[in-house]
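Undergrad: Just passing along the structure, written as structure tokens.
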Amino acid sequence: MTDSLNIHIINHPLVRHKLSLMREKDCSTYKFRTLTKELGRLMAYEASRDFQIERFAMQGWCGEITGEQIKGKTVTLVPILRAGLGMLDGVLDLLPTAKISVVGLQRDEQTLEPVPFFEKFVNDIDKRPALILDPMLATGGSMVATIDMLKKHGCTNIKALVLVAAPEGVRCVNVAHPDVKIYTAALDSHLNEDGYIIPGLGDAGDKIFGTP
Ligand code: URA
């Protein structure tokens, strides 16, 4: 049952084409990394569509004109270590003045809950929009923990950018944080017993970094 899920699927031919190339069994590290970056760029375009604009007076070549600029404090990007780093450069291509906050999480082997091992947030995070970057939204545990951390620091305007989402993860984030909009290139079928998204991409971190 996916019709009750609150998710924005980016249904664009370039996005669909590039994601299919990533699904190929023997996709090389170089190709996977390049496509992750390219999809990050396309997703940033879509996720910034509702950024507010303000007008200002400026000097054009023929005299005073009205310019337009994005209103408010610069966005912070929040890559979740380590796979989220793969999307970072692509998003920065479109939002080059963005500030970067970083979150690292690991699983507590007793409780199976994600526990932060690293967090470094930029100043004034309570006044900035935040775009969380993580290629795979699987169980949703890391995403919910990251949103919890951002909200604890006063951040109220949060979006999540993922390449592939499982319905289980979307549901988990929707329930815990209904105000957070999730952007994805694809909503896949389900999680397998090992927590991998099916059909998914496999281990995105390993494929981006070239680790076994
Ligand atoms: N993390 C991944 O890298 N892949 C999955 O399928 C699930 C979580």
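Start counting the sequence shown at 1; every next residue gets the next number (the UniProt record's numbering). We put the CB at the ideal spot given by N, CA and C, even for glycine. Small disclaimer: the values here were computed from a predicted structure and weren't measured.
So the candidates are Asn6, Thr211, Thr36 and Ile182; which of them puts its Cα closest to the Cα of serine 20?
TA: By one-based count along the sequence shown, residue 20 stands at place 20. The residue with the shortest Cα to Cα distance from serine 20 is Thr36.
Undergrad: Which residue marks the beginning of the beta strand (DSSP E) containing glycine 60, and which one marks its end?
TA: Indexing the sequence shown from 1 puts residue 60 at position 60. 53-60 is the span of the beta strand (DSSP E), which, as asked, contains glycine 60.
Undergrad: Please specify which runs of the alpha helix (DSSP H), each continuous and at least 4 residues long, are wholly inside the segment 24-50, giving them in chain order.
TA: DSSP runs (the alpha helix (DSSP H)) wholly in the segment 24-50: 29-47.
Undergrad: Given histidine 153, which residues of its chain have a CB within under 8 angstroms of its CB, disregarding the five upstream and five downstream residues?
TA: Position 153 of the sequence shown, counted from the start, is the residue given in the question as residue 153. Correct list, in chain order: Phe121, Ile125 and Asp126.
Undergrad: Under the DSSP definition of a beta bridge, which residues are partnered with valine 144?
TA: For the purposes of this step, residue 144 is taken as the residue at position 144 of the sequence shown. DSSP lists no partner for valine 144.
Undergrad: Candidates Val15, Arg49 and Arg55: which alpha carbon is nearest alanine 186's?
TA: Taking the first residue of the sequence shown as position 1, residue 186 is located at position 186. That would be Val15, whose Cα lies nearest to the Cα of alanine 186.
Undergrad: Taking Cβ positions, are alanine 166 and alanine 138 nearer each other than 9 angstroms?
TA: Here residue 166 refers to the residue found at position 166 when the sequence shown is read from its first residue. Here residue 138 refers to the residue found at position 138 when the sequence shown is read from its first residue. In this structure, alanine 138 lies closer than 9 angstroms to alanine 166 by Cβ.
Undergrad: Does the segment 40-55 come within contact of the segment 66-83, defined as at least 3 CB pairs closer than 8 angstroms?
TA: The segment 40-55 is in contact with the segment 66-83.
Undergrad: Classify residue 229 as buried or exposed, calling it buried when 16 or more other Cβ atoms lie within 10 Å of its own Cβ.
TA: For the chain, the structure presents residues 1 to 212; residue 229 sits outside this window and is missing.
Undergrad: Is the beta carbon of aspartate 203 within less than 8 angstroms of some heavy atom of ligand 1?
TA: Position 203 of the sequence shown, counted from the start, is the residue given in the question as residue 203. Answer for aspartate 203: yes, Cβ within range of ligand 1.
Undergrad: State the start and end residues of the unbroken alpha helix (DSSP H) segment that holds alanine 176.
TA: Within the sequence shown, residue 176 is the residue found at index 176, counting from 1. Start and end: 167-176.
Undergrad: Please list, in chain order, all residues of the same chain as residue 213 whose beta carbon is under 8 angstroms from its beta carbon, the five residues on each side excluded.
TA: A query on residue 213 cannot be resolved here, the shown segment of the chain reaching from 1 to 212 and no further.
Undergrad: When DSSP labels each residue in this structure, what does phenylalanine 209 get in the three-state scheme?
TA: Counted from its first residue, the sequence shown places residue 209 at position 209. Note: phenylalanine 209 maps to helix in three-state DSSP.
Undergrad: What number of angstroms, rounded off, separates the C-alpha of histidine 12 from the C-alpha of valine 164?
TA: Counting from 1 along the sequence shown, the entry for residue 12 is found at position 12. Counting from 1 along the sequence shown, the entry for residue 164 is found at position 164. Each residue's Cα considered, the two are about 14 angstroms apart.
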